[in-house]
Amino acid sequence: EAGVAQSPRYKIIEKRQSVAFWCNPISGHATLYWYQQILGQGPKLLIQFQNNGVVDDSQLPKDRFSAERLKGVDSTLKIQPAKLEDSAVYLCASSLRLSGALDTQYFGPGTRLTVL
Amino acid sequence: AQKVTQAQTEISVVEKEDVTLDCVYETRDTTYYLFWYKQPPSGELVFLIRRNSFDEQNEISGRYSWNFQKSTSSFNFTITASQVVDSAVYFCALSVDGGSNYKLTFGKGTLLTVNP
């Protein structure tokens, strides 16, 4: 079974530029998550989708971050404009079920963003 | 609010030594789930174990074992006869039963270095 795919793996941009990340979850997984992992810290949830609907985006900086999952499969996360403090690894994860805290989240390799 | 504390920032051992990674959690919920993930240098978070709050039975999987004690709110992870390939950052995480809306709260991680 293929895992969670993410691209690009690395991205370097200047501050105030825009950037987009792509995630393809494990086939059949209804729930998709985007996390931000700053160096030396644990991942922090940015947004959670169930199919193509947003379940939780309470920690998403909505003035500059946006995310979509239009067809309930793959997803994009965008930052516009980027700030220096956005430098981090952006992790995508997916889980099988529509609901329930029992579900295990499976993570992709992440995209390492450096903002100069 | 949920909180996970991994007091050990870094641990260094010599191959074949046993090592225990500590995890202390805080939650007011009676139903919750605890996880351990491994993050090797490649960056991908690898799921290791999930444990629910009603199951305090310790678990062993090969060289890995987990000790869950509700009385001390701890979920410690022991690697027996450590190997160089065990070198990684290990994260403990907590989620609570919020129906369809739940998120993993991660600790800051413990960097384990196993030297040959």
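The listed protein sequences correspond, in order, to chains A and B.
My numbering numbers the first residue of the first sequence as 1 and each following residue consecutively.
My numbering numbers the first residue of the second sequence as 1 and each following residue consecutively.
We put the beta carbon where it would ideally sit given N, CA and C, even for glycine.
The model shown is predicted, which means the values in this text are computed figures rather than measured ones.
Alpha carbon to alpha carbon, what distance is there between residue j and residue i?
| i | j | result |
| --- | --- | --- |
| residue 81/A | residue 16/A | 4 Å |
| residue 89/A | residue 21/A | 11 Å |
| residue 10/A | residue 93/B | 26 Å |
| residue 65/A | residue 19/A | 10 Å |
| residue 16/B | residue 57/B | 26 Å |
| residue 31/B | residue 77/A | 32 Å |
| residue 104/A | residue 85/B | 24 Å |
| residue 18/B | residue 109/B | 18 Å |
| residue 7/B | residue 26/B | 14 Å |
Which chain B residues are close to residue i, counting only those with a beta carbon under 7 Å from its beta carbon?
| i | result |
| --- | --- |
| residue 104/A | 47, 50 |
Output, in chain order, the set of chain A residues within a Cβ distance shorter than 8 Å of residue i.
| i | result |
| --- | --- |
| residue 56/B | Here the premise fails: no neighbours, minimum Cβ distance about 17 Å. |
| residue 108/B | 40, 41, 42 |
| residue 74/B | None at all; the shortest Cβ gap to chain A is about 17 Å. |
In terms of DSSP beta bridges, what is residue i paired with?
| i | result |
| --- | --- |
| residue 3/A | The partner list for residue 3/A (beta bridge, DSSP) is empty, contrary to what the question assumes. |
| residue 92/A | 34/A |
| residue 58/B | According to DSSP, which records beta bridges pairwise, residue 58/B is partnered with nothing at all. |
| residue 105/B | 94/B |
| residue 112/B | 11/B, 88/B |
Assuming contact is defined by CB atoms lying nearer than 8 Å, are residue i and residue j in contact in what I supplied?
| i | j | result |
| --- | --- | --- |
| residue 110/A | residue 91/A | yes |
| residue 78/B | residue 20/B | yes |
| residue 74/A | residue 113/A | no |
| residue 37/B | residue 46/B | yes |
| residue 75/B | residue 66/B | yes |
| residue 114/B | residue 29/B | no |
For residue i, return the contacting residues in chain B, with the cut-off set at a CB-CB distance below 9 Å.
| i | result |
| --- | --- |
| residue 91/A | 43, 44, 45 |
| residue 25/A | Residues of chain B passing the Cβ test: none, with the nearest at roughly 14 Å. |
Strictly below 9 Å CB to CB, what residues from chain A border residue i?
| i | result |
| --- | --- |
| residue 77/B | None at all; the shortest Cβ gap to chain A is about 15 Å. |
Strictly below 8 Å CB to CB, what residues from chain B border residue i?
| i | result |
| --- | --- |
| residue 45/A | 103, 104 |
| residue 21/A | Correct list: empty, because the minimum Cβ distance to chain B is about 14 Å. |
| residue 108/A | 44 |
Using a cut-off of 7 Å between C-beta atoms, extract the partners of residue i located in chain A.
| i | result |
| --- | --- |
| residue 91/B | 42 |
Review point. Between the segment 33 to 45 of chain B and the segment 82 to 91 of chain B, are three or more C-beta pairs nearer than 8 Å?
Key: Using a C-beta cut-off of 8 Å, the segment 33 to 45 of chain B makes contact with the segment 82 to 91 of chain B, since at least three inter-stretch Cβ pairs fall below that distance.
Check your understanding: Just checking, does the segment 47 to 60 of chain A make contact with the segment 20 to 39 of chain A on the three C-beta pairs under 8 Å criterion?
Key -> Inter-segment contact for the segment 47 to 60 of chain A and the segment 20 to 39 of chain A is present: three or more beta-carbon pairs are separated by less than 8 Å.
Check your understanding: Can we say the segment 2 to 16 of chain B touches the segment 42 to 59 of chain B, given the rule of at least three CB pairs closer than 8 Å?
Key -> No, they do not touch.
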